[in-house]
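Report on the structure given below.
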Amino acid sequence: HATLAGLGGAALLAAWPELVGADTAAHSEPVGIEEGVLTVQCDSTAWATQLRIMRAEILTTILRRYPEAEVAAIRFIG
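For the sequence shown, my numbering begins at 412 and goes up steadily by one.
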């Protein structure tokens, strides 16, 4: 499993609360980027579902602010 190695991944992990809000970040954590897919571990399936609803918005923000992270998709696991 790929980690958040590299400049983009590390910056993205540090900025996660900024990207999704402190409340959401308390229940979710980016765990890796593999072949352009960012995997986010969530506290529960309910949080994973909540984040799926926000997926497009989160992805747009990541692409705009962290193009070097090369994230093409996000996978939320509960």
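Idealized CB from N, CA, C, for every residue including glycine.
Contact check, Ile485 vs Ala459, beta carbons under 8 Å | no
Whole-angstrom Cβ separation of Val472 and Leu424, contact assumed at under 8 Å?
-> The sequence as given places Thr at residue 472; Val does not occur at that position. Beta-carbon to beta-carbon, Thr472 and Leu424 are separated by about 14 Å, too far to satisfy the 8 Å threshold.
Along the chain, where does the beta strand (DSSP E) that runs through Glu481 open and close?
-> No beta strand (DSSP E) holds Glu481; DSSP gives it neither H nor E.
CA-CA distance, Val482 and Arg476?
-> 11 Å
Grab me the residues of Ser455's own chain with a C-beta within less than 6 Å of its C-beta, minus the 5 sequence neighbours each way, in chain order.
-> Gly489
Contiguous alpha helix (DSSP H) assignments of at least 4 residues, all confined to the segment 431-461 = 433-436
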